[in-house]
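The structure appears right after this line, and notes come after that.
Spelled out as structure tokens, the structure:
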């Protein structure tokens, strides 16, 4: 089972500025490209900070002479293209940021990932979510028969019905479905088939008990 990567969702052309970029130029770029923040890079293309609309409004200079280096939030919190979007989302939450410059092996900016990009996960078609759960989660990962579990998906809500062979699989199936990209919630109506070997064991114990009860005393 594969989560979508940062590279799958990020904006591949990142608009950037240098430390020396003036206040008014930053404001112009934000408006022109309809974005809310810009990575600030050094001479090697590596991010040293991020300057946002909030930074401009919070630190607006009287004469408009401040530069990106004066206004930016630093250091920049970054992501890598190969990261899962789950990892990127957790980094955003941990650091309280709304976007992450994405950097390559050399630390140079190759894109940017925003919260709005992550929302795309929840716009996946229900049929695509259903197929991934049936093929990746149930068949390839858990090795369940395709006919064992019925998967219905409606607006990202997954409903599971059917039978799994072991009790330990019940929470595992739900957890893996919840971690599937695009899933909003999981309604599990699964039941567990008692393993045949357990039933045989119980029958054996019962027969043994009956035999002992029927045996005459000394």
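In this note's numbering, the protein residues as written are 41 to 258. Think of the CB as a built atom: it goes at the ideal place given N, C-alpha and C, for glycine as much as any other residue.
Using only CA atoms, which one of the options lies nearest to residue i?
{"i": "residue 196", "options": "117, 220, 114", "result": "220"}
{"i": "residue 106", "options": "115, 114, 96, 113", "result": "96"}
{"i": "residue 123", "options": "111, 92, 158, 85", "result": "158"}
{"i": "residue 147", "options": "182, 160, 79, 201", "result": "79"}
{"i": "residue 216", "options": "173, 233, 227", "result": "173"}
{"i": "residue 50", "options": "77, 141, 204, 208", "result": "141"}
{"i": "residue 93", "options": "182, 66, 193", "result": "66"}
{"i": "residue 121", "options": "145, 64, 164", "result": "145"}
{"i": "residue 204", "options": "114, 230, 109, 170", "result": "230"}
{"i": "residue 48", "options": "60, 224, 161", "result": "161"}
{"i": "residue 209", "options": "198, 233, 60", "result": "233"}
{"i": "residue 62", "options": "44, 136, 109", "result": "109"}
{"i": "residue 166", "options": "99, 85, 222", "result": "222"}
{"i": "residue 64", "options": "85, 136, 99", "result": "99"}
{"i": "residue 224", "options": "113, 164, 182", "result": "164"}
{"i": "residue 111", "options": "60, 202, 83, 156", "result": "60"}
{"i": "residue 85", "options": "151, 182, 206, 171", "result": "151"}
{"i": "residue 133", "options": "114, 202, 155, 115", "result": "155"}
Can you list, in chain order, the residues of its chain with a C-beta nearer than 7 Å to that of residue i? Leave out the 5 residues immediately preceding and following it.
{"i": "residue 81", "result": "56, 58, 87, 88, 149"}
{"i": "residue 236", "result": "With a pLDDT of 49 at residue 236, under the threshold of 50, the modelled position of that residue is not reliable, and the figure given next carries that caveat. Cβ within range, chain order: n/a, list empty."}
{"i": "residue 153", "result": "46, 49, 50, 119, 128, 139, 140, 142"}
{"i": "residue 247", "result": "Note that residue 247 scores a pLDDT of 49, beneath 50, so its modelled location is shaky; the value from the coordinates is reported in the next line. So no residue of the chain qualifies."}
{"i": "residue 202", "result": "188, 189, 190, 230"}
{"i": "residue 114", "result": "88, 89"}
{"i": "residue 207", "result": "232"}
Give me the DSSP bridge partner(s) of residue i.
{"i": "residue 151", "result": "142"}
{"i": "residue 58", "result": "81"}
{"i": "residue 229", "result": "201"}
{"i": "residue 51", "result": "152"}
{"i": "residue 119", "result": "142"}
{"i": "residue 92", "result": "77"}
{"i": "residue 186", "result": "None, per the DSSP bridge assignment."}
Report, in whole angstroms, the separation of the C-beta atoms of residue i and residue j, which I expect to be a contact under 8 Å.
{"i": "residue 228", "j": "residue 184", "result": "About 14 Å; that fails the 8 Å criterion."}
{"i": "residue 46", "j": "residue 125", "result": "6 Å"}
{"i": "residue 169", "j": "residue 143", "result": "No, residue 169 and residue 143 are not in contact; Cβ-Cβ is about 31 Å, not under 8 Å."}
Once the 5 residues before and after residue i are set aside, which same chain residues still bring their CB inside 6 Å of it?
{"i": "residue 53", "result": "none"}
{"i": "residue 214", "result": "226, 228"}
{"i": "residue 77", "result": "90, 92, 139"}
{"i": "residue 198", "result": "217, 223, 226"}
{"i": "residue 182", "result": "none"}
Among residues of its own chain, excluding the 5 on either side of residue i, which ones have a beta-carbon nearer than 8 Å to its beta-carbon?
{"i": "residue 240", "result": "Any answer about residue 240 is weak, because its pLDDT of 47 lies below 50 and its placement is not dependable; what the coordinates show is given next. Same-chain partners within the cutoff: there are none."}
{"i": "residue 43", "result": "124, 125, 126, 219, 221"}
{"i": "residue 129", "result": "158"}
{"i": "residue 212", "result": "182"}
{"i": "residue 178", "result": "184, 186, 188, 189, 191, 213"}
For the segment 64-79 and the segment 181-196, state whether three or more C-beta atom pairs, one from each stretch, are separated by less than 8 Å. no
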